[in-house]
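Have a look at the structure below, then the notes.
Residue numbers (our numbering): -12 to 201.
Right under this line is the structure:
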């Protein structure tokens, strides 16, 4: 049986140390950029030694990727949306998805992650790939929902992937860009809910059920 040496940190302590380092790295990268961020400042803010920092993250790039991974995971929505039996239930599922998705995606930390990712994507292509994986996971959830809805006659047949793209365009509009540029104040939960409701209504108007007159 493996035993911890007296000098080894306990697993919970290691997890807490890793979280502190990631938080400190994200703050430092956001303030100073990747090139201007020093590992000494990150270690100081995380209240760890540089030795402990490098034991967990062997390079500054590894810390950058950990920051992006942590915050991009917030963009991933839970799988298994409710099974829609009618258009009203479909509208409710779309509203719930959009409200949760926007609540996480428009969070200031996630917007900060986008700024950091855009700035560093050329240096570290893995950054863009991580974001795309989160985006693709959400597209897959919606695709499955729309396929089920099409099978029950709640949505017209056709290009399901295009439906997903149009729905996400209605949900996101230019919100992320406006927040990145700082020209839009942080939306409240009530504003997000209203936007989610409007996106669901507009989508279902765009895709009436088969046989429904437009």
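All C-beta atoms in this analysis are idealised placements derived from N, C-alpha and C, irrespective of residue type, glycine included.
Rounded to whole angstroms, residue 39 and residue 4 show a C-alpha spacing of 9 Å. A contact is defined here as three or more CB-CB pairs under 8 Å, and the region 59 to 68 fails this definition with respect to the region 23 to 42. The way I'd put it, the region 159 to 177 does touch the region 84 to 100; three or more beta-carbon pairs between them come closer than 8 Å. By the criterion of at least three beta-carbon pairs nearer than 8 Å, the region 23 to 33 is not in contact with the region 55 to 63. In the three-state reduction of the DSSP assignment, residue 9 falls in the helix class, which pools H, G and I. Taking a cut-off of 8 Å for Cβ pairs, the region 169 to 178 and the region 138 to 149 do not touch, as fewer than three such pairs fall below it.
A straight-line Cα-Cα distance of about 10 Å links residue 104 and residue 116. Annotation: the region 14 to 72 contains no complete segment of the beta strand (DSSP E) (minimum length 3 residues). The beta carbon of residue 197 sits closer than 6 Å to those of 140, 143, all from its chain and outside the five residues before and after it, given in chain order.
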